[in-house]
Structure formats: structure tokens, C-alpha cells
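Numbering (the numbering used here), first residue to last: 43 to 341.
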Amino acid sequence: MDLIGDLILMQELAEYGSFSKAGLIRGQAPSSLARRLDGLESHLKVRLFNRAPSGLSLTASGAQKLIEARSIIEAACKLTSRDGENGVLTGHIVVSAPSRLGEKLVAPVVLQFLKKHPYASVDLHFTDSIQNLEQDKVDISVRVGTEPPDHHYIRRIVTNKRILVASQTYLASRAPIKSVTDLDEHDGLLLGRTSIWSLIHQDGQTHVAFPKQRLRAITGDVLLSMCKANLGIALKSIWDVRRDLENGKVVQVLPEWFQAHASDIMLVTPSKKFVSPTAFAFNHMLTDYLKSALRHDNQ
């Protein structure tokens, strides 16, 4: 008997509420899942679910057993997933992230993860819309600045530091920027509904700049493209412009100034959802990668 596997099935049946939904997710026949549940109930000597045409519902005893089962599952998953060399990960996970960040920072980790664990699989949801983790069955969500509901687990990875950048061609064509007050005379490439830049100096001094609106866009990649096309100054995350800074496509403007009230890059998981070995291992790999890739951004 695979007790841990059966406890995981119990947790999934409680979440999905029917054999058919759980079977669809697992790719297994509902009848086989029903037989496994019968076996688990026989082993535990307790009825875990009420079965009705409308679906499954936990009994009072089942609800108590589910609490105990989750503790057992969590411990077992941590034990097996921390040492990937001793076990083969075969699970499926759903990972979401903002589009630009996902393409630049999450996709490389997914590639590395799938090469290391050839029997694991991943669904990637790269979108700038905030997803409902439970409704969309998301195991791990990378978010920037948007605080999730209190019932979610949050792991803050690093501060998302933003700096001012422009092309050398644009800067050469305009009046020199000698102080932060000069920004008001320059063309701004603005994100969303923003019309100002709230900035902070490395010594703690703050300033609000009112650039001339040349372009407003809801996606950061458009702003960066326009910035490299010599249209103005943009406030961008360091991770998003690092390569362009290195190859000279853009340069930093007023290096001693950066965005005030910077938001955090966070990993978010739904707290009610059992963390599978595959999700646990990916979370660990993604955390290590992001900390390593972004550690210089805040220096």
C-alpha cells in the first residue's frame, strides 16, 4: 500500500470535490481513484468522504484526518524533495509570473529544472494579469509588489530596484542632465497611469520628478524598446536592462538616484494547497536562482 500516495489522493479529492475532476487532473479513471479511496478508508477504519451524485464532501472524521494527513505529506515531501538525487520527481506543476520577468528570469530556471528532472512537467502562465491561485490551480506564482491575500504563503526574494535609463543618442541630443531637477525638461516614457517619478538618492534624500510625457504604455518591454529607439528616459528594473547596460544600448541616468518605495519580488503559494515534491524542488531552485541573479541589483 502506498500510504503517502493515498493521503495525497485524499487531499486532492478534498480540493476538487469529485473523482472525475481529480481523475482529469491526474489522467486516471475515476473508478480507479474510487477503489484507492475505499482501500484507504478500510486501512484507516474510518469513512473519510460522503459520496453523492453532486460530488464528494468530507465527513467530520475525514476533515480531522485531512489535517493529520497534510502534516504527514508535508514532512514526506520535504524529506524526499530536498535531495533530488535520491528520488525521481514525476509531478506536474503550474507556475505563473509577469510576462517580462517570466521570460527573462523564470524560463531559464524551468529549462534547467526540466533537464534535471526529465519526468517532471510544467505549465507556464506568463501574464501581467493577477491570477487567482486556487481557481487557476497555480502552485507557485512570482509577483512583483502586489500583496497577495493573507491566506497565501509569501517568500520575499529581493527588492526590485528600478533605475533611470536612456540611450546615449537621446542624451546627446538634449540638454545635459546635471541634477535631478533637470528631469522635468526631458521626455518621459511612463508605465501605466504613472505621470511622475518618485525617486530617492543613495544618501536618503527624496525627490518627485515630473517628466514630459512622450509615451505611456502598460507593458515594460514596450517602454524599453522605445527607450532604445531614442525617444526618452524610462524607469526600469535593473534585471530588465542589465544586458542593455552592458552592451551600451542604454546608459544609466543619474546613477545616484533610483525609484523610491521599491517593491519586492516574491514567491507566492496558496497556503491550503499541499506542496508536492516537484513544487517544493522547483521553489527551492527558483529561489536560489533569483537570489543569485539579483543579488548585485541592490548593492
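Virtual Cβ for every residue (Gly too), placed ideally from N, Cα, C. Values in this document were obtained by computation on a predicted structure and should not be read as measured data.
| Item | Value |
| --- | --- |
| Under the three-state DSSP convention, the category Ala321 falls into | helix |
| Closest by C-alpha distance to Ser221, when choosing among Lys158, Pro297 and Ile115 | Pro297 |
| contact_flag[the segment 96 to 114, the segment 153 to 165] where n(CB pairs < 8 Å) is 3 or more | no |
| Secondary structure of Pro150, DSSP reduced to three states | helix |
| Length of the line joining the Cα atoms of Ala12 and Ala94 | The first residue shown for the chain is 43 and the last is 341, placing residue 12 beyond what the model contains. |
| Stretch pair the segment 209 to 224 + the segment 316 to 334: three plus CB contacts closer than 8 Å | no |
| Endpoints, alpha helix (DSSP H) assigned at Met52 | Leu45 to Tyr58 |
| Inter-stretch contact (C-beta, 8 Å, three-pair minimum) for the segment 197 to 210 and the segment 270 to 285 | yes |
| Backbone secondary structure at Leu331 - three-state DSSP | It is worth fixing the name first, because residue 331 is Tyr in this sequence and not Leu. Helix at Tyr331. |
| Beta-carbon contacts of Lys179 that lie in its chain and below 6 Å, excluding the five residues immediately before and after | Val136 |
| Through-space distance from Gln301 to Leu86, alpha-carbon basis | 57 Å |
| Under the three-state DSSP convention, the category Val186 falls into | strand |
| Whole-Å CB distance - His194 paired with Pro312, under 8 Å assumed | 6 Å |
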